[in-house]
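In case it helps, the numbering used here puts the sequence shown at residues -7 to 57.
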Amino acid sequence: LVFYSKVAPKIKESMTLKGNMMLAYQPLGDLPNFFRIAISNPRLSESSLDWVLDEIERLSKDIFC
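Structure, rendered in structure tokens:
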């Protein structure tokens, strides 16, 4: 679980350096860090959310593959 607790922080670091988005992460009980997305814009499109997920996946592949 130690490795998994470092995944979200590394991805967030890459997001921050790239400057394209910022997401929060935190552990939950015994589970490692994970991203939590709070949406407060009712006009947010499904394609925008797809972009966020695709970007997380792309950044993680750049870092860990």
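Built from N, CA and C at the ideal position, the CB exists for glycine as well. Keep in mind that this is a model prediction, so the values were computed, not measured.
Asked	Found
Let me know if L41 comes out buried or exposed under the rule of 16 or more other beta-carbons within 10 Å of its beta-carbon.	exposed
Please report the straight-line C-alpha distance between Y52 and R35, rounded to a whole angstrom.	First, the residue type needs correcting, since residue 52 is Ser and not Tyr in the sequence shown. Cα to Cα, S52 sits roughly 28 Å from R35.
In whole angstroms, what is the alpha-carbon distance linking G11 and N33?	20 Å
Measure from the alpha carbon of D46 to the alpha carbon of each residue in A30, L9 and M13, then state which is nearest.	M13
With hydrogens ignored, establish whether the beta-carbon of D54 is closer than 7 Å to any heavy atom of the ligand GTP.	The ligand GTP is absent from the structure shown, which contains no ligands of any kind.
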